[in-house]
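Peer 1: Starting off with a structure, shown below.
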Amino acid sequence: MPGLKRLSVALSEDDELSDAPSQSSLGSKRARYDGNARDESSGSVRLPNGSHTSRAVQNGHSPEDEEFVEEPHKPGSIVRVKLKNFVTYTAAEFHPGPSLNMVIGPNGTGKSTLVCAICLGLGWDPKNLGRAKDIGEFVKHGSNEAEIAIELAAGPQHGENPVIYRKITKQGNKSKFEINGQSATQKKVVKLAKEFSIQIDNLCQFLPQDRVVEFSQLTPVALLRETLRAAAPEHMVVWHEQLKDFRSEEKRLEIEHTKEDAHLRQLQTKQNATREDVERHNEREKHVKRFNALKRSRPIIESNMIKKQLAVVGEERDKAKLELDQLKAEVAPIRIAQEASRSYCDQVRVIRDQREAHVGSATTQVHKLMADFKAGQDTITDFSTRIEAEKTGEKQRRQDVKRLEGVIASYDRAMQERPVEVDEAAFIEQRKQFRAIMSVSERRDPELLEEMTNCIAQANDIKQVIQNQENSRKNLETQSGQQANLLQRVSSDTARGWNWIQKNLHTLKLQGEVHGPPILTCSVENPRFAAIVENHLRPGDTTAITCTNGQDAQLISKKLLGPEMGLHHVSIRTVPRGLAYYRNPLTREELRELGFEGWALDYIQGPDPVLAMLCDGAGLHRAAYAPNQLSEEQHKAVEQSPIATWIAGRHKYRVTRRKEYGQTSTRVVPLVKAKYFTDQPVDMQKRHELDEAIQDSKTKLAEAQKRHAQAKDEQQEEKLKHAEAKGEIENITKEHNQKKKARVEWDALPNKKAEKQSELDILLDIMRQTGNRVLDIKTKLEKTAHKLASIMAVDLNKAFSILRQADENLAEAEFRLIEAESEVESLEAENANIGRALTAKEELVKQLNAQKKSLRDQHNKIARNLNGIMETLSEEERTIMAEASELPTIEDLENEIAAVQSRLELMAEGNPNAIRAYENREREIEGTQKKLEEIAEEQEKTKDQIKEIREQWEPQLDGLVRKISDGFSHNFAQINCAGQVSVLKDENFENWSIQIEVKFREHEQLSVLNSQRQSGGERAVSTIFYLMALQDLARSPFRVVDEINQGMDPRNERMVHERMVDIACRERTSQYFLITPKLLNDLKFHPKMKIHCIASGEHMPKDHHELDFKKLADEAIRTRLGTAAA
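So in numbering that gives the first Met the number 0, spot 249 of the sequence shown is number 248, and the numbers just go up one at a time.
Here is the structure:
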């Protein structure tokens, strides 16, 4: 594709990705599509004579063979893809055709980059590609940002072709999306794509190179699910999920029904066993209820008795009230006279009170005038006091004048004495010298401190080295120590890492187990078998640290390989499965028949997870061992067996099998001497070296301690110098400040003198005004004295006259009040006997009313309590209490209660726990029966739902699979093979699956497609034919297949290509992308195909116009015609 190169001029910031012109795959120019992705010049090349011919002629077909009109792009198909700084491309632009697009080019040119761009550009995550996990890894090396623009063909609901733009920033793995130039979210972009039925996450529609193996390994169940998503209407996928859910619910209900039914039968059995005891208990309970009901009947009888008393008291009250009314009528005249006398007495009392108030008012007026007189006297006294105060103040002011005059004179004398001048420069120089001494000490102190710290750290390091060296010397005497030393020599990083893990194991919070390298944790008991084991191991196997949990492995890797430890050569592996998973490919009997003694795994001991790691990495469970060489017959038999690696005698054998060619090859190498799992004598040279190293380390430790002591002494001397210099600075600073203070005070003397002079002037002015103030006070005193004389002469005499008259009037009123009260007392004494009789009768009526009210309250209280009791009683208890209410007295009730109690004492009391259990079981039985009915109803409902959906879904599924099978069979028939697709049905809809059966040879029967029966090439052919069978049924507007032809031989590849062209180029099929690095000669071509030939790399010209594929094609045709003419 011209213009696709890794080294190109970058687009400017103002370039629009969707509008930039581009050269097409075959040299043509095109503008932005408007619903029609037609490329006018992509269908012809120029011949040497200057004329044009169609591609069909170039491939051996005449234009008259078929009439071809290019179809428009279907809604949602890809019209254009433009890339910038994406993976391998600096700048690239693709213009796919509406039908089959074949992308070819050498390996490494970036064919799969187009697949990545389609996936990521339409908003899906990198996980759908099976490559890098982080989006930032798709930015071209050396660039910070990448850009993808994808133009889709518009649907009926779109006015123009949607253009989706994605900008990827490597830093932080960030992305920015736009739709037609408007900012959008990733969710909105994916939603737009799904509106066109685009399914990037469906392997049947989008099959990247790195997920081809994943597709071929899809289980039949998963294949059915993906097929429905790719080819079936959406409602069929929904129906399938509903059927699975309903079937799961049906199974759950069946289990629950069985469980509840068994529980019900168990409850009923227990209930029948305790029924007689419960009936006896119920009989006794009836008597208990009667006993309790009779005891509760006491308020009823008491209520009846109170009613009778209430009637008697009512009659007595009515009689006493009548007598009271008659007595009141007899005493009425006497009471009238008494009331008139009492009224007159009250009137006189009112007059007496009024005159008493008048006396109080006159007294108040007299008191007020006396108070005014007293206030005048106080005012005169105050004026006299103020005159004396003025005289005293005058004396004080004279003293202040003398004091201020003395102060002013002292200021004059001080101003004549000039203070010592301040030498600022000399002070600064002295301070600078002492600060220099302090600075030297301060700079030296951290240096000495650092030196002391370094000495301490060096001493600690040396102590640790001595400890390690002494431990290493002790380890020379033990087998484990020798193995640890061996690990240190083989991989020092691993030894450091494992020591760190052991020390910090309690802080790591691991979820699984972690085991050390096999050098430490495994052993070979018989040294002669050590070479047998080691020759199957790679260098990294013996030093690998094993984890049973993947998250633990990530955590330890981060600790050891990260900044914290900074190790490099450490291998950390996760055990994928337990040791039991790794089974020998042959039994012991079969192994001995081939001449072998055992498996390599038999000769090594260690923790199961470590052995499982060695089986997973080195295949020890599949590597056989024979002590002697095998015979020719045995060797041939081994080559036909599942054993691929074995040791016989002193040689190791490895068989490579090529099933597709029916060939095998055997590689033989001599055994390498064991060096890890062997018993080694004590290394005397190593022990001597360690002794010398320990002595050398102790010497270095003493030197470090000596340097530390010297630095400490020097630090004390520097601190002493610093303290002395600091004290000198404080002394000269204090002296300097005192001189400055004296100068400031001398400079302030003129102002102080002026202030004191001002105070003196004010005092003299006040003294001149003192005589005027004293004269004013004396004038006010004389006015107040005249006013007091007036009060005494007139106002006070008048007030006393009013008070005497009021006292006389009050005496008269009090005399008349005494006469009236005496008359009232006389009348009351005469009527005392009649009043006492009337009062006694009133008290009797009052008592009878109170007694009646008390009885009524008692009755009401009993009635309220009785109503509360009655609401809680059963109908049976109410009947018993109604019968008891007929009893006349409480004594009769007590007799009835005693009789019932006697009968109860003769009956044995049942076990209350057993009774409660019986009642609880009765309620539980009712609940269980109700629950069983509900479950049965739900089961019936679920079955109806399954039946309703299945009757619609199953025929449509059979029809869909039948269409797929027809296309699949037809494709195989075209290559003289056979194949069919069917649905495997199961009671559980979760297990419904697609079964693919194929036959590649005439003498074979149809067999299920799997990795055991068919070769890789046959599986690839089957896979592509299955995908092709979906072409006419696909809902997606385009499909992508990346390098599906890997592993095919040329014959199969040619046949598959021809079928793909026939199917993908039919009318009304979806757009198809086929990515392949290989291109055979004379492949079938169709006018609806579009070939995208990728050319990229470091040797591309800077100007892509210099590489013209059209000219190259013309040159190739001229060369071919010239050769034919010759």
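Using N, Cα and C, we set each Cβ at its ideal position, and we do this for glycine too.
Because the structure is a prediction, the values reported are computed rather than measured.
1) Once you ignore the five residues that flank G966 on each side, which residues in its own chain have a CB closer than 6 Å to its CB?
2) To which residues of the same chain is L748 closer than 6 Å at the C-beta, ignoring the five residues directly before and after it?
3) Where does H94 land, buried or exposed, given buried means 16+ other C-beta within 10 angstroms?
4) List the DSSP bridge partners of T778.
5) Excluding the 5 residues flanking R385 on each side, which residues of the same chain have their C-beta closer than 7 Å to its C-beta?
6) Please say whether Q510 and Q550 have beta carbons closer to each other than 8 Å?
7) Looking only at its own chain, which residues have a Cβ that is under 8 Å from the Cβ of K851, when we skip the five neighbours before and after it?
8) Just the Cα atoms here: how many angstroms apart are S1095 and L1073?
9) For P1076 and R228, what's the separation of their Cα atoms in angstroms?
10) May I have the straight-line CA-CA distance separating A925 from S873, to the nearest angstrom?
11) List the whole-angstrom C-beta distance separating H535 from A636, where the pair is believed to meet the contact cut-off of C-beta under 8 Å.
12) Do you know how far the Cα of M880 is from the Cα of K929?
13) Tell me the rounded alpha-carbon separation between A625 and E596.
14) On the CB-based measure, 16 or more other CB atoms within 10 Å of its CB, does G26 come out buried or exposed?
15) Three or more beta-carbon pairs under 8 Å between the segment 884-900 and the segment 289-309, yes or no?
16) I think A611 touches G565, with their Cβ atoms under 8 Å apart; what is that distance to the nearest whole Å?
17) Please classify E1105: is it buried, with 16 or more other beta-carbons within 10 angstroms of its beta-carbon, or exposed?
18) Should Q198 go down as buried or exposed, given a rule of 16 or more other Cβ atoms within 10 Å for buried?
19) Can you look up C1092 in the DSSP assignment and give me helix, strand or coil?
20) Where does R1038 fall in DSSP's three states?
21) Rounded to a whole number of angstroms, what is the C-alpha to C-alpha distance between L959 and E177?
22) Could you check whether L1079 and E1114 sit closer than 8 Å to each other, using their CB atoms as the reference points?
23) For V609, collect the residues of the same chain with a Cβ closer than 7 Å to its Cβ; drop the 5 residues on either side in sequence, then sort them by chain order.
24) Helix or strand or just coil, what does DSSP make of E301?
25) Pair every Cβ in the segment 381-400 with every Cβ in the segment 702-721, then say whether three or more of these pairs are closer than 8 Å.
26) I'd like the span of the alpha helix (DSSP H) that includes E136, first residue to last.
27) Is it the case that the Cβ atoms of L507 and L554 are separated by a distance below 8 Å?
28) Quick one: what's got a C-beta closer than 7 Å to A839's C-beta in the same chain, skipping five residues either side?
29) What number of angstroms, rounded off, separates the C-alpha of F433 from the C-alpha of G726?
30) Give me, in chain order, the residues of the same chain whose beta-carbon lies closer than 6 Å to that of R666; leave out the 5 immediate sequence neighbours on both sides.
31) Mind checking D1056: buried by the 16 CB within 10 Å criterion, or exposed?
32) Based on DSSP bridge pairs, tell me the residues matched to V668.
33) By Cβ distance, which residues of its chain are closer than 8 Å to G994, with the 5 residues on each side in sequence left out?
34) Do T783 and S375 have their beta-carbon atoms positioned less than 8 Å apart in this structure?
35) Give me the Cβ distance between T542 and L486, rounded to the nearest whole Å; I'm assuming they're in contact under 8 Å.
36) What did DSSP end up calling N864 once you bin it into helix, strand or coil?
Peer 2: Taking the definition as stated:
1) One-based indexing of the sequence shown puts residue 966 at position 967. Result list for G966: A1028, in chain order.
2) Looking up residue 748 in the sequence shown gives position 749. Cβ contact annotation for L748 (same chain, cutoff 6 Å, sequence separation greater than five): Y410, A413, M414, in chain order.
3) Position 95 of the sequence shown holds residue 94. It counts as buried.
4) As a first step, residue 778 is located in the sequence shown; it is residue number 779 there, counting from the start. DSSP, once it has assigned bridges, lists no residue as partnering T778.
5) Working through the sequence shown from its first residue, we reach residue 385 at position 386. Excluding its 5 nearest sequence neighbours in each direction, R385 has C-beta neighbours in its own chain below 7 Å: I776, listed in chain order.
6) Position 551 of the sequence shown, counted from the start, is the residue given in the question as residue 550. Position 511 of the sequence shown, counted from the start, is the residue given in the question as residue 510. For Q550 and Q510, yes; Cβs fall inside 8 Å.
7) Within the sequence shown, numbered from 1, the residue matching residue 851 stands at position 852. Taken in chain order, the residues that qualify are L309, V312, G313, R316.
8) Position 1096 of the sequence shown, counting from 1, holds the residue named residue 1095. Position 1074 of the sequence shown, counting from 1, holds the residue named residue 1073. Looking at the two C-alpha atoms, the distance is approximately 19 Å.
9) Residue mapping note: residue 1076 aligns to position 1077 of the sequence shown, counting from 1. Residue mapping note: residue 228 aligns to position 229 of the sequence shown, counting from 1. Spanning the two alpha carbons is a distance of roughly 29 Å.
10) Walking along the sequence shown from the start, residue 925 turns up at place 926. Walking along the sequence shown from the start, residue 873 turns up at place 874. Reading the sequence as shown, one finds Glu at residue 925 and not Ala. Whole-angstrom Cα-Cα distance: 23 Å.
11) In the sequence shown, the residue the question calls residue 535 occupies position 536. In the sequence shown, the residue the question calls residue 636 occupies position 637. That belief does not hold up - the Cβ atoms of H535 and A636 are roughly 21 Å apart, past 8 Å.
12) For the purposes of this step, residue 929 is taken as residue 930 along the sequence shown, with counting starting at 1. For the purposes of this step, residue 880 is taken as residue 881 along the sequence shown, with counting starting at 1. The straight-line gap from Cα to Cα measures roughly 38 Å.
13) Counting from 1 along the sequence shown, the entry for residue 625 is found at position 626. Counting from 1 along the sequence shown, the entry for residue 596 is found at position 597. Cα to Cα, the separation comes out at about 5 Å.
14) Within the sequence shown, residue 26 is the residue found at index 27, counting from 1. Caution applies to G26, whose pLDDT of 35 falls short of 50 and renders its modelled position unreliable; the model cannot decide the point.
15) yes
16) What you label residue 611 is simply residue 612 of the sequence shown in a count that begins at 1. What you label residue 565 is simply residue 566 of the sequence shown in a count that begins at 1. About 30 Å; that fails the 8 Å criterion.
17) The count along the sequence shown starts at 1 and reaches residue 1105 at position 1106. Label assigned to E1105: exposed.
18) Residue numbering aside, residue 198 sits at position 199 when the sequence shown is read from its first letter. With 16 or more Cβ atoms within 10 Å of its Cβ, Q198 is classed as buried.
19) Sequence index remark: in the sequence shown, residue 1092 carries index 1093 (1-based). Looking at C1092 - three-state DSSP - the assignment turns out to be strand.
20) In the sequence shown, residue 1038 corresponds to position 1039, counting from 1. Note: R1038 maps to strand in three-state DSSP.
21) Stepping through the sequence shown from its first residue, residue 959 is reached at position 960. Stepping through the sequence shown from its first residue, residue 177 is reached at position 178. Each residue's alpha carbon lies about 38 Å from the other.
22) Along the sequence shown, read from residue 1 onward, the residue named residue 1114 stands at position 1115. Along the sequence shown, read from residue 1 onward, the residue named residue 1079 stands at position 1080. Not closer than 8 Å, so no.
23) Residue 609 sits at position 610 when you count from the first residue of the sequence shown. Once the five neighbours on either side are set aside, the close Cβ partners of V609 are H514, P517, T520, C521, T545.
24) Stepping through the sequence shown from its first residue, residue 301 is reached at position 302. DSSP places E301 in helix when its eight states are reduced to three.
25) no
26) Position 137 of the sequence shown holds residue 136. Segment: none, E136 is in no alpha helix (DSSP H) and carries neither H nor E.
27) Your numbering for residue 507 matches position 508 in the sequence shown. Your numbering for residue 554 matches position 555 in the sequence shown. Yes, they are a contact pair.
28) Numbered from its first residue, the sequence shown carries residue 839 at position 840. Only residues of its own chain outside the window of five on either side were considered, and among them none has a CB closer than 7 Å to the CB of A839.
29) Numbered from its first residue, the sequence shown carries residue 433 at position 434. Numbered from its first residue, the sequence shown carries residue 726 at position 727. Computed Cα separation, rounded: 9 Å.
30) Your numbering for residue 666 matches position 667 in the sequence shown. Cβ within range, chain order: R653.
31) Translated into the one-based positions of the sequence shown, residue 1056 becomes position 1057. It should be pointed out that residue 1056 corresponds to His in this sequence rather than to Asp. Buried: at least 16 other Cβ atoms inside 10 Å.
32) Looking up residue 668 in the sequence shown gives position 669. Beta-bridge pairing links V668 to K651.
33) For the purposes of this step, residue 994 is taken as residue 995 along the sequence shown, with counting starting at 1. Residue identity differs from the one stated: residue 994 is Gln in this sequence, not Gly. Within its own chain, the residues whose Cβ lies closer than 8 Å to the Cβ of Q994, once the five positions on either side in sequence are excluded, are P219, V980, S981, V982, L983, V1007, listed in chain order.
34) Translated into the one-based positions of the sequence shown, residue 375 becomes position 376. Translated into the one-based positions of the sequence shown, residue 783 becomes position 784. In the sequence as displayed, the identity of residue 375 is Gly instead of Ser. Contact flag set, yes.
35) Taking the first residue of the sequence shown as position 1, residue 542 is located at position 543. Taking the first residue of the sequence shown as position 1, residue 486 is located at position 487. That pair is a contact at about 7 Å.
36) The sequence position of residue 864 within the sequence shown is 865, counting from 1. DSSP places N864 in helix when its eight states are reduced to three.
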